[in-house]
Amino acid sequence: VEHVRTDLHIPYGHTLIASILAAHGQRQPKRRPGRSPDEKALRGAFATFFAGSQWEADGTTLGVRINDRVYCFNLELEVDAHTTAIVGASLRDEEDSTAVIAAFRDGIMTTGAPPLAQLLDNKPANHCPDVLAALGDTLCIPITPGRPQNDAHVEGTFGLFKSVAPDLVVSAHTGRDLAAAIICLVMTT
Numbered sequence: 212v213e214h215v216r217t218d219l220h221i222p223y224g225h226t227l228i229a230s231i232l233a234a235h236g237q238r239q240p241k242r243r244p245g246r247s248p249d250e251k252a253l254r255g256a257f258a259t260f261f262a263g264s265q266w267e268a269d270g271t272t273l274g275v276r277i278n279d280r281v282y283c284f285n286l287e288l289e290v291d292a293h294t295t296a297i298v299g300a301s302l303r304d305e306e307d308s309t310a311v312i313a314a315f316r317d318g319i320m321t322t323g324a325p326p327l328a329q330l331l332d333n334k335p336a337n338h339c340p341d342v343l344a345a346l347g348d349t350l351c352i353p354i355t356p357g358r359p360q361n362d363a364h365v366e367g368t369f370g371l372f373k374s375v376a377p378d379l380v381v382s383a384h385t386g387r388d389l390a391a392a393i394i395c396l397v398m399t400t
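If you're matching positions, the sequence shown starts at 212 in our numbering and goes up one per residue.
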């Protein structure tokens, strides 16, 4: 699949290429470990209502290599569950209550209003008094333990970004080289 996409420059998605190869007997699909055997039963199980009704927040670690040194950050995202749009973001050193609050406020600045509900995973920092105060009238809904489908929209955003974005690597020895590398990363992404 990677050969067809990268070497042959055929811009089909992974699923389409894999299904074509499987139909011609050239690829045997492998089930991912940990998936429910009745995956179809889970399809459509997450109900969304309208844009702005519910947001999902989560963080992930991103590393950026500048020359020979790697810098790691937490990227906290707010994703609208209905539209799957990224409405807010915060970049900090770690995933903490300050990151959650900053991404939530950024989402309000983007959309003009807070959501009716906010889904957060069960880390203690996500449900501390500071976060609950920042949410105001927004209903805070904890993610059900052991059900990654609960925050599938934000997890899918991270997965898509990590699968299609280039490695975040900058090799630069002058300010001009640094500026050119940043522009290349922004345009590629």
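Glycine is no exception: its CB is placed at the ideal position from the N, C-alpha and C atoms. Owing to the predicted nature of the structure, the values given are computational and were not obtained by experimental measurement.
Sequence-distant residues of the same chain with beta carbon closer than 7 Å to residue i, five excluded per side
i, result
"A324", "G263"
"G224", "none"
"T294", "A262"
Boundaries of the alpha helix (DSSP H) in which residue i is found, first to last residue
i, result
"L343", "340–346"
"I312", "308–322"
"A262", "No alpha helix (DSSP H) contains A262, which DSSP labels as neither H nor E."
Assumed close pair residue i, residue j - CB separation to whole angstroms, cut-off 8 Å
i, j, result
"G270", "A313", "Not confirmed; about 11 Å, so no contact."
"T259", "A292", "5 Å"
"G318", "G299", "3 Å"
Residues near residue i by beta carbon distance below 6 Å, same chain, minus five either side
i, result
"V380", "R276"
"C339", "S308"
"S301", "E287, A310, A313, A314"
"K334", "none"
Cβ neighbour criterion (16 or more within 10 Å) applied to residue i
i, result
"F315", "buried"
"S382", "exposed"
"N337", "buried"
"D388", "exposed"
"S374", "exposed"
"A268", "buried"
"E305", "exposed"
Chain-order list of residues whose beta-carbon lies under 8 Å from that of residue i (same chain, five-residue window excluded)
i, result
"T321", "V298, G299"
"A229", "V212, R238, P240"
"L343", "C351"
"A233", "Q239, P240"
Unbroken beta strand (DSSP E) run spanning residue i, endpoints
i, result
"R303", "297–303"
"I394", "Here I394 belongs to no beta strand (DSSP E); instead the alpha helix (DSSP H) covers 386–399."
"L379", "Run containing L379: none; DSSP gives neither H nor E here."
Contact test: residue i Cβ vs the ligand GTP heavy atom, cutoff 8 Å
i, result
"F261", "The ligand GTP is absent from the structure shown, which contains no ligands of any kind."
Contact with chain B by residue i, beta-carbon distance below 9 Å
i, result
"T399", "Included in the structure is just one protein chain, with no chain B present."
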